[in-house]
Amino acid sequence: MTSLVAKRLLLLASLLLVGSVQAAEPSAGAAKIATGSDVRGPDAWFPLTVGEKTLRVQLVVTLDEQQRGLMGRRDLGVNDGMIFVYPAPQEMSFWMRSTPTPLDIGFFKEDGTLGEVYPMYPFDETPVKSVGSDYTLALETPQGWFAKNGLKPGVKLKLADVAAALRARGFKPSRYSAEPR
1 MTSLVAKRLL
11 LLASLLLVGS
21 VQAAEPSAGA
31 AKIATGSDVR
41 GPDAWFPLTV
51 GEKTLRVQLV
61 VTLDEQQRGL
71 MGRRDLGVND
81 GMIFVYPAPQ
91 EMSFWMRSTP
101 TPLDIGFFKE
111 DGTLGEVYPM
121 YPFDETPVKS
131 VGSDYTLALE
141 TPQGWFAKNG
151 LKPGVKLKLA
161 DVAAALRARG
171 FKPSRYSAEP
181 R
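Under my numbering, the residues of the sequence shown are numbered 1 to 181, in order.
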């Protein structure tokens with residue numbers, strides 16, 4: 001009987017140890033807050049409001065996700081996009097390696113204000129750089145999306161949407177300057 005109890009305790013301790021090691025693994029330096037079945041993966045879609053327009057976006061956080069971006073994607077809908085979040089203001093630089101879909105890219109400051117918008121062309125490896133160095137968010141959309149929706153520099157995106165998406169992915173919004181003010 002004592003042997004059976006000892007085996008069960010050993011099994012329980014082993015399971016707890018394995019679970020705690022897996023939960024403690026960082027994701028490319030990203031600040032995670034949740035684990036398990038409630039966390040949504042990088043292919044999940046989230047609503048994002050820019051000005052008065054809502055689109056559906058995938059959230060890019062880790063270095064691997066940033067490097068992959070929309071490479072190889074041909075299925076971007078007219079109101080779909082990808083939002084890249086960074087922990088500190090910086091100059092942005094993006095290219096279109098292996099990306100067959102023409103895109104626009106908008107650079108946003110930490111308060112959610114759109115500062116710059118540029119077109120990006122399929123397979124063009126020339127970097128598209130921001131003029132400013134105070135951006136924490138970049139939004140890729142189908143080319144012409146910003147103009148078609150009357151969205152110009154000065155318009156704001158809803159930081160609460162970015163924060164909710166970060167939480168759903170298991171990341172701390174405060175780590176990415178995405179807490180609404």
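Heads up, the beta-carbon is just placed ideally off N, CA and C, and yes, glycines get one too. All values reported here derive from a predicted model rather than from experimental measurement.
Two segments are said to touch when three or more pairs of C-beta atoms, one from each, lie closer than 8 Å; by this definition the region 108-124 does not touch the region 57-70. Under the DSSP assignment, F146 falls outside any beta strand (DSSP E), being part of the alpha helix (DSSP H) whose first and last residues are W145 to K148.
Going by beta carbons, F171 and A138 fall outside the 9 Å limit. About 29 Å separates the beta carbons of S177 and E125, which is beyond the 8 Å limit, so they are not a contact pair.
According to the DSSP secondary-structure assignment, K109 is paired through a beta bridge with Y135. Beta-bridge analysis with DSSP links S93 to K129. Taking all protein chains shown into account, S130 has 16 or more neighbouring C-beta atoms within 10 Å of its C-beta and is therefore buried. Inter-residue distance for L157 and G150 is about 13 Å (C-alpha atoms, whole angstroms).
Pairing A147 with T141, the inter-Cα distance amounts to about 11 Å. Between R56 and D75 the beta-carbon gap is near 12 Å, outside 8 Å, which marks them as no contact. Between R167 and P42, the CB-CB gap reaches or exceeds 9 Å.
Its chain contains M96, R97, S98, T99 and P100 as the residues whose beta carbon lies nearer than 8 Å to that of F123, once the 5 sequence neighbours on both sides are disregarded; these appear in chain order. Secondary structure note for E116: its beta strand (DSSP E) is the uninterrupted segment L114 to M120. G81 is bridged by DSSP to V57. In the DSSP assignment, the residues bridged to V155 are P153. If you ignore the 5 residues before and after G144, its C-beta comes within less than 7 Å of the C-beta of D104, all in its own chain and listed in chain order.
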